[in-house]
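Those protein sequences? They're chains A, B and C, same order as listed.
Each number in our numbering corresponds to the 1-based position in the first sequence with 116 added.
Each number in our numbering corresponds to the 1-based position in the second sequence with 373 added.
Each number in our numbering corresponds to the 1-based position in the third sequence with 19 added.
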Amino acid sequence: MNKKRNAILTIISILLLALFLVYANNFLDIYVVRILNVCAIYTILGLSLNLVNGFTGLFSLGHAGFMAVGAYTTALLTMSPAVKKQIFYMAPLIKPLDAITLPFPAALIAGGVLAALAAYIIGAPTLRLKGDYLAIATLGFGEIIRVIFTNTQNITNGALGLKGIPATTNLWWSFGTAAFTLVVLMSLINSSYGRALKAIREDEIAAESMGVSLFFHKNLSFIIGAFFAGIGGGLLGNLLGTIDPKQFNFLFTFNILLIVVLGGMGSFTGTIISAFIITIANEVLRFLDESIDLGFIVFNGKLGLRAVVFSALLMVVVLFYSQGLMGTSEFSWDRLFDKSRWGRIFQRKPLEKGGTDQ
Amino acid sequence: MTLDWLLQHLFNGMTLNMFLQHLLNGISLGSLYALIAIGYTMVYGILRLINFAHGDIFMTATYFAFFGVVTFGMPWYVAFPIVLVMTGLLGMLVEAAAYRPLRDAPKISILISSIGASFLLENLATVIFGGVPRPFPTPEIFTGVVTLGNGLMVQKLIFYIPAVTLVFLVALLYLINKTKTGMAMRAVSKDHETAKVMGINVNRTISLTFGIGSMLAAVGGIMWGMKYPQIAPLMGVIPGLKCFIAAVIGGIGDIKGAVLGGFILGIGEIMLVAFLPNLTGYRDAFAFVLLIVILLCKPTGIVGEKIAEKV
Amino acid sequence: MSLLDVENVTMQFGGLTAVKDFNLRLEKGEIVALIGPNGAGKTTAFNTITGVYKPTKGRITFKGKNITGLRPDQITRLGIARTFQNIRLFKDLSVLDNVLIANHVHIKSNFMEAVLKLPGYRKEERAMRQKSLMLLEKVGLADLKDEKSNSLPYGKQRRLEIARALATDPTVLLLDEPAAGMNPKEAEDLTHFIRQIRDEYNLTIFMIEHHMDVVMEISQRIYVLDYGVTIAHGSPVEIQNNQRVIEAYLGVEENA
Chain A
117 MNKKRNAILT IISILLLALF LVYANNFLDI YVVRILNVCA IYTILGLSLN
167 LVNGFTGLFS LGHAGFMAVG AYTTALLTMS PAVKKQIFYM APLIKPLDAI
217 TLPFPAALIA GGVLAALAAY IIGAPTLRLK GDYLAIATLG FGEIIRVIFT
267 NTQNITNGAL GLKGIPATTN LWWSFGTAAF TLVVLMSLIN SSYGRALKAI
317 REDEIAAESM GVSLFFHKNL SFIIGAFFAG IGGGLLGNLL GTIDPKQFNF
367 LFTFNILLIV VLGGMGSFTG TIISAFIITI ANEVLRFLDE SIDLGFIVFN
417 GKLGLRAVVF SALLMVVVLF YSQGLMGTSE FSWDRLFDKS RWGRIFQRKP
467 LEKGGTDQ
Chain B
374 MTLDWLLQHL FNGMTLNMFL QHLLNGISLG SLYALIAIGY TMVYGILRLI
424 NFAHGDIFMT ATYFAFFGVV TFGMPWYVAF PIVLVMTGLL GMLVEAAAYR
474 PLRDAPKISI LISSIGASFL LENLATVIFG GVPRPFPTPE IFTGVVTLGN
524 GLMVQKLIFY IPAVTLVFLV ALLYLINKTK TGMAMRAVSK DHETAKVMGI
574 NVNRTISLTF GIGSMLAAVG GIMWGMKYPQ IAPLMGVIPG LKCFIAAVIG
624 GIGDIKGAVL GGFILGIGEI MLVAFLPNLT GYRDAFAFVL LIVILLCKPT
674 GIVGEKIAEK V
Chain C
20 MSLLDVENVT MQFGGLTAVK DFNLRLEKGE IVALIGPNGA GKTTAFNTIT
70 GVYKPTKGRI TFKGKNITGL RPDQITRLGI ARTFQNIRLF KDLSVLDNVL
120 IANHVHIKSN FMEAVLKLPG YRKEERAMRQ KSLMLLEKVG LADLKDEKSN
170 SLPYGKQRRL EIARALATDP TVLLLDEPAA GMNPKEAEDL THFIRQIRDE
220 YNLTIFMIEH HMDVVMEISQ RIYVLDYGVT IAHGSPVEIQ NNQRVIEAYL
270 GVEENA
């Protein structure tokens, strides 16, 4: 009975979302549509980072690098030869990239595949490392990718970046891809392979002793995470129209990390909720960076104040709500309708600090 | 066949003087890296984790110096000691806010908290100090050049930096190896529980470690400001990462290792640019490549010892 | 040829020799115990057999195959499973998931088939579930299958560890202090249980244990380690009367 109810509710929600997207596409102004697009793209990026950090327990900080690979690949494969000729004035784009133009989906997949390939190369030396060593090594690789992109003038146009990328990304692409990402990652996590990933997160030594190959499964998670990060990057590049290497610095990874931590490390639905919260808050709080005259009072914002709020938010979440919004649970209709659970939430005790990684 | 000749022929026209110049540059950059790397290695030794905020503490120190000298018009010999104390206190504050509440939490939480603290400091600095770089007020006594015997002209600073580093390094080693406080620090880094049983105040010792590490970062920051006389809120990020890498290369947890790693990285970076000018753009990637190589060949660093995990 | 053959295995950490020239032969169907005072190197010996540590010296042969230096997951796949002295369950996962994970070692579907939930994978998943539930039934945890594993009481966690190890379809089962923290009655039950699973799953069992009642009752042969050195080896009766063994244990008691 519950099963039937849940299926109906799910179908209704999907229809409502589709209706909303049709409405947004036709009636909402371009600024709002853009924010919605960013929400969906950040969802993809957050989901992919959560697979690696939240579900597999690998503290990877190189996500921005994979996004950059995806964004550049997709952009270069979708830009027209004329535009490429025009912007590569310092050094011409190498053959055959200068003449190729692919359809958007093919270019997106190519971006994802190249990002996955980068992860495969990076994973071999780094995934043997643990904890903060892994963090710093992946962070280093993210930086190396950025430095390479700044210096390969005839492929990436160096520090000048790419301009005039076709604005192909729309709500259907971004939300469609986000939904696809969610379905694939959920299915992975609920399979035997997903359980193996969680086992690695819980206890590497026990997992290995139960026959889970650490190398294979860590790589699997890292590569799939990078694949979707690459696709997310591709969508982002073709939404913004311009990209340059500086965009994909550690700050970008930080923003995605914030989404994952706020949503709950190990909860995909938590990531979706927090991707929307963070992206929208980022826009709403824009006033903090500017001065506004409300007529009776002048609010003096200051450049960087918004970023202060976000970094403080990350600390507050980690220090006081280490489970984030969802902990390691997923949204489900049964949970939503479980009255006893709501009772518990409203008289919730402070979260205990679990020392699992000692 | 002299060294001069070799250099000239192997590396398109580099003279011995140029080489010496690069070497001196490398040594002074290496000293700065070493000073900052010590902070990482001390915190790692005692808590087994990266203090991501260390580079930002280093940055803040340069602003303290700026305000001391420029805004309050203090003479440098008054301002700089105050800067050291304030930076030390800042380090202790960061520890109390971002680390102490999470002492028993999973490691990943502490890492995230430390990244949060790092970004908070950077962004606060942007808001309070402004995003535009400011000139560092180098006291006149530290400026100027000297001409060496063979006609080589170098900044005086190139000699001051290693000298000052040496003084602080000796003081630090004395503190750690010969004083009671140092003994407490060594005990806590071996085992928190046992140290507690022996009557050591673990929290205070950890706090002190952060304080001392931050003071050394302040020394590094002040000299960094003199050498590269522009300060900005994000100036600590890259040196911070590089110095952590220096600590890992040398063997994290070991002070001599951090110093060694600092010099290897500093001299290596300068020489890379000097000998292979085509790779100048990749200078910032050098440290990371070196890190990966070390982690693959000898994960415990050059002087580190292997610790087996208990199963 | 023995089932498992450990020859002259030495394990050093820096300058410290934890196990020196350890020799062990396990014949099919045996129950063999490894005893010795605390810090004698028993768990280290276990860790070298299961691949957690790479022995500094020596050779380990299993079913005629040299397994020295293989990774733990490779060794598990070949048929050696273990439990841990200081329980290492996947704490935040359910009891059932803990056992399911151990099934993963023999999975045939690749991850694409698993993500796409193809019929072949579905069939495998059903079989894994069935087997896991059966194992939980066997250790008496079936009705707790959806509980978080770290919410179980200590004794049940130990049994879950055994169920988890059995799910890897082992030939040899290594138990690290299975009776730790048990009262005499529980220890006796455990003795029966170990015999029972040995017969039912055709296992060969090698265990570290401090409960002498359990050890003497259940083992056909006993190895005694002290300071990393094998000081005795023989039947329970021989061990009980061995002068060196008595000294090793008495020596420890004097210090304690």
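Glycine included, C-beta positions come from ideal geometry on N, C-alpha and C.
Tell me which residue opens and which closes the alpha helix (DSSP H) that Arg78/C is part of.
Along the third sequence, read from residue 1 onward, the residue named residue 78/C stands at position 59. Not the alpha helix (DSSP H): Arg78/C falls in the beta strand (DSSP E), residues 76-81.
Which residues, taken in chain order from the stretch 404-422 of chain B, show a beta carbon closer than 7 angstroms to some beta carbon of chain A?
Leu422
At a Cβ threshold of 8 angstroms, is Glu144/C touching chain A?
One-based indexing of the third sequence puts residue 144/C at position 125. So, interface residue.
Which bits of chain C does Ile321/A rub up against, with CB to CB less than 9 angstroms?
Position 205 of the first sequence, counting from 1, holds the residue named residue 321/A. Result: Val71, Pro91, Phe103, Arg107.
So which of Val537/B, Tyr406/B, Arg421/B, Ile585/B has the shortest CA-CA distance to Ser562/B?
Start at 1 with the first residue of the second sequence, and residue 562/B comes out as number 189. Answer by Cα proximity: Arg421/B.
Would you please verify whether the beta carbon of Val561/B is less than 8 angstroms from any beta carbon of chain A?
Position 188 of the second sequence holds residue 561/B. False, the Cβ-Cβ gap to chain A never drops below 8 angstroms.
Could you tell me the boundaries of the beta strand (DSSP E) in which Thr253/C lies?
The sequence position of residue 253/C within the third sequence is 234, counting from 1. First, the amino acid is wrong: residue 253/C is Gly here, not Thr. It spans 248-253 - the beta strand (DSSP E) in which Gly253/C sits, taken as one unbroken run.
Beta-carbon separation (whole angstroms), Gly274/A vs Ile203/A, contact threshold 8 angstroms
For this step, residue 274/A is matched to residue 158 along the first sequence. For this step, residue 203/A is matched to residue 87 along the first sequence. About 11 angstroms; that fails the 8 angstroms criterion.
Ordered list of beta strand (DSSP E) runs contained in the stretch 154-228 of chain C, each at least 3 residues
191-195, 223-227
Taking Thr36/C as part of the beta strand (DSSP E), name the residues at either end of that continuous run.
Reading the third sequence from its first residue, position 17 is the one you call residue 36/C. Unbroken beta strand (DSSP E) run through Thr36/C: 35-45.
Between which residues of its own chain and Asn390/B is the CB-CB distance below 6 angstroms, once the five residues before and five after are set aside?
In the second sequence, the residue the question calls residue 390/B occupies position 17. Excluding positions up to five away in sequence, the list reads Leu525.
Between which two residues does the alpha helix (DSSP H) holding Phe32/C run?
Your numbering for residue 32/C matches position 13 in the third sequence. From DSSP, Phe32/C is part of no alpha helix (DSSP H) but of the beta strand (DSSP E) over 23-32.
Any heavy atom of the ligand PLP within a distance shorter than 7 angstroms of the CB on Ala478/B?
Ligands displayed in this structure: none; no statement on the ligand PLP is therefore possible.
I believe Glu324/A touches Arg90/C by the beta-carbon criterion, under 8 angstroms. Please report the beta-carbon distance rounded to the nearest angstrom.
Stepping through the first sequence from its first residue, residue 324/A is reached at position 208. Stepping through the third sequence from its first residue, residue 90/C is reached at position 71. With a Cβ gap of about 7 angstroms, Glu324/A and Arg90/C count as contacting.
If you check the beta carbons only, do Ile160/A and Thr293/A fall under 8 angstroms apart?
By 1-based counting over the first sequence, the position of residue 160/A is 44. By 1-based counting over the first sequence, the position of residue 293/A is 177. Cβ atoms of Ile160/A and Thr293/A: closer than 8 angstroms.
Are the C-beta atoms of Thr435/B and some chain F residue less than 8 angstroms apart?
Judged by its chain identifiers, the structure shown contains no chain F, and its protein chains are A, B and C.
Completely contained alpha helix (DSSP H) runs for the stretch 584-663 of chain B, where each covers 4 or more residues
610-623, 628-648
From Glu219/C to Pro189/C, what does the alpha carbon distance come to, in whole angstroms?
Against the third sequence, residue 219/C aligns to sequence position 200. Against the third sequence, residue 189/C aligns to sequence position 170. Distance between the alpha carbons of Glu219/C and Pro189/C: 12 angstroms.
Measure the beta-carbon distance from Thr210/C to Val233/C and round it to whole angstroms, keeping in mind my assumption that it falls under 8 angstroms.
Taking the first residue of the third sequence as position 1, residue 210/C is located at position 191. Taking the first residue of the third sequence as position 1, residue 233/C is located at position 214. About 5 angstroms separates the two Cβ atoms, so the contact holds.
Rounded C-alpha distance that separates Gly598/B from Phe338/A
Taking the first residue of the second sequence as position 1, residue 598/B is located at position 225. Taking the first residue of the first sequence as position 1, residue 338/A is located at position 222. Distance between the alpha carbons of Gly598/B and Phe338/A: 40 angstroms.
Pick helix, strand or coil for Val51/C, following the three-state DSSP scheme.
The residue you call residue 51/C lines up with position 32 of the third sequence. The answer is strand: DSSP assigns Val51/C an E or B state.
Excluding sequence positions up to five away, which residues of its chain have a Cβ less than 6 angstroms from the Cβ of Pro479/B?
Looking up residue 479/B in the second sequence gives position 106. Hits under 6 angstroms: none found.
Residues that Lys418/A contacts on chain B, provided the C-beta gap is smaller than 8 angstroms
Start at 1 with the first residue of the first sequence, and residue 418/A comes out as number 302. Simply Val500.
Mind checking the stretch 422-452 of chain A against chain B and listing, in chain order, the residues whose C-beta falls within less than 7 angstroms of any C-beta there?
Ala423, Val424, Ser427, Ala428, Leu430, Met431, Val434, Leu435, Ser438
Inter-residue spacing [alpha-carbon to alpha-carbon] between Ile237/A and Pro535/B:
The residue labelled residue 237/A in the question sits at position 121 within the first sequence. The residue labelled residue 535/B in the question sits at position 162 within the second sequence. Rounded to whole angstroms, Ile237/A to Pro535/B spans 39 angstroms at the Cα level.
Using the beta-carbon of each residue, which ones in chain C are nearer than 8 angstroms to Val300/A?
One-based indexing of the first sequence puts residue 300/A at position 184. What Val300/A touches in chain C: Val134.
Between the Cα of Lys136/C and the Cα atoms of Met302/A, Lys119/A, Arg262/A, which residue gives the shortest distance?
Stepping through the third sequence from its first residue, residue 136/C is reached at position 117. Here the closest residue by C-alpha is Met302/A.
Comparing C-alpha positions only, which one of Ala187/A, Phe403/A, Asp450/A sits nearest to Thr284/A?
Within the first sequence, residue 284/A is the residue found at index 168, counting from 1. Nearest option by C-alpha distance: Ala187/A.
Three-pair Cβ contact test at 8 angstroms for the stretch 329-345 of chain A versus the stretch 442-455 of chain B
no
Environment of Asp245/C [buried if 16+ CB atoms lie within 10 Å]:
Within the third sequence, residue 245/C is the residue found at index 226, counting from 1. So Asp245/C counts as buried.
Take Gln259/C and list the residues in its own chain whose beta-carbon comes closer than 8 angstroms to its own, dropping the five residues that flank it on each side.
For the purposes of this step, residue 259/C is identified with residue 240 of the third sequence, where counting begins at 1. So the list reads Met235, once near-sequence residues are dropped.
Classify Arg402/A: buried if its beta carbon has 16 or more other beta carbons within 10 angstroms, exposed otherwise.
Residue mapping note: residue 402/A aligns to position 286 of the first sequence, counting from 1. So Arg402/A ends up on the exposed side.
Determine the burial state of Asn496/B: buried for a count of at least 16 other Cβ atoms within 10 Å of its Cβ, exposed for fewer.
On the second sequence, residue 496/B is found 123 positions in, with the first residue counted as 1. It is buried - the Cβ of Asn496/B has at least 16 other Cβ atoms within 10 Å.
8 angstroms CB neighbourhood of Ser113/C in its chain, flanking five on each side removed
Locating residue 113/C in the third sequence gives position 94, where the first residue counts as 1. If we look at Ser113/C and ignore the five residues flanking it on each side, its Cβ neighbours are Lys164, Asp165, Glu166, Lys167, Ser168.
Report all residues from its chain with a CB closer than 6 angstroms to the CB of Gln381/B; omit the five preceding and five following residues, and keep chain order.
For the purposes of this step, residue 381/B is identified with residue 8 of the second sequence, where counting begins at 1. If we look at Gln381/B and ignore the five residues flanking it on each side, it has no Cβ neighbours.
Per DSSP, what kind of secondary structure is Met432/B in: helix, strand or coil?
Position 59 of the second sequence, counted from the first residue, corresponds to residue 432/B. Residue state, collapsed to three classes: helix.
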